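A.B. asks: Let me begin by handing over the structure; questions about it come next.
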């Protein structure tokens, strides 16, 4: 299933946040959205998953979601959004219960996603016992459990320290390599973008517009830490963004 | 920096952190009780405090023992506890329901929050005669008074607790396609539980206060009736015996809620 953004514009009252954004997300691709803070990239992600409505434009699903898909558009949040009163297993079973999946079928799915995210030994743990990286792994496992057609990842690694971030990036690459998934990945971290993105969409500052789309042909698995080829792309992205980021930083907030 | 400042004796950095972190010291609370009661015992025996002002703690204890031995203790406790239980359960459960509805629906909130604010400060004791007319002089008016008294604080605590449920968890539920009912049952209610339980602590203390008020009219037996009768006869030993029973009742309910909290809310860090 592909997903298409068709002329999305949005304003909060007087403030124009996004202007005429059109974008195709192809199946099996990771698309990274980068841009200066306040450019509306997270808002765009909320439109993609139907958590908010744009002022103008449409979000379209092209083609049917794959077989067995319970929740085609599934988020991974920056703050993990785990229920603190449920164990790791309980947090995953939460999203299955409403689809009538219980008992042995649920157990099979939970065991599978926990194994894929290396969490098998932590099934009974409560979120308060887990580190930030582990919590985000649980959130990713929960997202995988509903077999999404598109994963909508809203700065999933931004709340983590840089070492954990590296580890989780490797995990995401390994996960994608074993079973390619489609994802829209919002981040302000260019290193994450060049590491995980097949396509990187650079947004301008408010009102956000697509200012360039960069494609990286190198397969995800071959990209490593401090890869010179990726550093070049990252530098290019930064030259695109630097002035925008500075201007965005110096802008007065209209609240 | 000159050489003289370097050659001076090093000074250890003064510690200025710490404090502002309550720790559990169980025995201190008990010690305060023992010291206080011991002082009163000594003072009443030595005549420092006259027996008209305060009864001797040992006499109060003797009264309690006598109350127990005569079988009157149970005769007073059973009706009191059943009034407390029926009234508090009715008031708290209706209060939780209304509080959740206020938390979930804007129209209910707009309609009922001002009404709750208007009912909250009414001294419920003042309404006892009215309740007697409405619900009869028997148990009905007593249940109603206690229920009404626990209702308002429970409502306020509950809708506050529902408001404080992390919205990002609710968005998460929606993003996974959970039904409205599932979100309420699996996310909103457990998330509001800590606030509801701490509200219940206050509501139950109010219920005990109102128990005495409820037994002012038309009650032959009951701890409240016992205290009021002793009070009108200036029988200080019996008055204090009754007060001790009410205090213990308060400590017990608060302890019970503490146990529930530890069981239900062990997920809190």
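Residue numbers (my numbering), protein chains in the order written: chain Y, 1 to 255; chain P, 256 to 524. Don't be surprised by glycine CBs; every beta carbon is placed ideally from N, CA and C. All figures in this text were calculated on a predicted structure; none of them were measured in a lab.
1) Applying the 10 Å Cβ sphere with the 16-neighbour rule, what's the burial state of residue 435 (chain P)?
2) Quick one: is residue 256 (chain P) near chain Y, going by C-beta distance under 8 Å?
3) Quick check: residue 124 (chain Y) and residue 89 (chain Y), are their CB atoms within less than 8 Å of each other?
4) Which of the three DSSP states is assigned to residue 57 (chain Y) in this structure?
5) Is it the case that the Cβ atoms of residue 133 (chain Y) and residue 160 (chain Y) are separated by a distance below 8 Å?
6) Listing by chain order, which chain P residues have their CB less than 8 Å from the CB of residue 51 (chain Y)?
7) Between residue 346 (chain P) and the rest of its own chain, which residues show a CB-CB distance below 8 Å, the 5 nearest in sequence each way excluded?
8) Taking residue 71 (chain Y) as the query, report the chain P residues whose CB atoms sit under 7 Å from its CB, ordered along the chain.
9) Using C-beta distances below 6 Å, list every residue in its chain close to residue 323 (chain P), excluding the 5 sequence neighbours before and after it, in chain order.
10) Mind checking if residue 47 (chain Y) is an interface residue toward chain P, Cβ cutoff 8 Å exclusive?
11) Taking DSSP as the reference, what is the three-state secondary structure of residue 7 (chain Y)?
12) So what's residue 256 (chain P) in DSSP terms, helix, strand or just coil?
13) Got a sec: which bits of the region 113–142 of chain Y sit with their beta carbon under 7 Å from any beta carbon on chain P, in order along the chain?
14) Name the chain Y residues whose beta carbon is nearer than 8 Å to that of residue 437 (chain P)?
15) If we cut at 8 Å on Cβ distances, does residue 442 (chain P) have a partner in chain Y?
16) Taking DSSP as the reference, what is the three-state secondary structure of residue 255 (chain Y)?
17) Taking only beta-carbon positions, decide if residue 540 (chain P) is within less than 8 Å of chain Y.
18) Using DSSP with H/G/I as helix, E/B as strand and the rest coil, what is residue 392 (chain P)?
19) Between the Cα of residue 365 (chain P) and the Cα atoms of P:388, P:414, P:473, P:379, which residue gives the shortest distance?
20) May I have the straight-line CA-CA distance separating residue 255 (chain Y) from residue 15 (chain Y), to the nearest angstrom?
21) Could you tell me the distance, in whole angstroms, from the CA atom of residue 485 (chain P) to the CA atom of residue 503 (chain P)?
C.D. replies: Per the coordinate set shown:
1) Counting Cβ neighbours within 10 Å, residue 435 (chain P) comes out exposed, since fewer than 16 surround it.
2) Since pLDDT at residue 256 (chain P) reaches only 49, below the 50 mark, its modelled position is unreliable, and no value is offered.
3) yes
4) strand
5) yes
6) Here the neighbours are 426, 429, 430.
7) 401, 402, 403, 404, 405, 406, 409, 458, 462
8) By Cβ distance, chain P contributes 431, 432.
9) none
10) no
11) strand
12) Residue placement at residue 256 (chain P) is flagged as unreliable, the pLDDT there being 49, under the threshold of 50; a coordinate-derived value is accordingly withheld.
13) For the region 113–142 of chain Y, which is checked against every Cβ of chain P, the residues closer than 7 Å are 126, 128.
14) 97, 98
15) Yes - at least one Cβ of chain Y is within 8 Å of the one on residue 442 (chain P).
16) Here the model assigns residue 255 (chain Y) a pLDDT of 48, short of 50, so the residue's position is not dependable and the matter cannot be decided.
17) Within the shown structure, residues of chain P are numbered from 256 to 524, placing residue 540 (chain P) beyond reach of any answer.
18) Coil at residue 392 (chain P), not helix or strand.
19) P:414
20) In this prediction, residue 255 (chain Y) scores a pLDDT of 48, lower than 50, which makes its location untrustworthy; the coordinate-derived value is nonetheless stated afterwards. Going by the C-alpha atoms only, they are around 10 Å apart.
21) One alpha carbon belongs to residue 485 (chain P), the other to residue 503 (chain P), and they sit about 19 Å apart.
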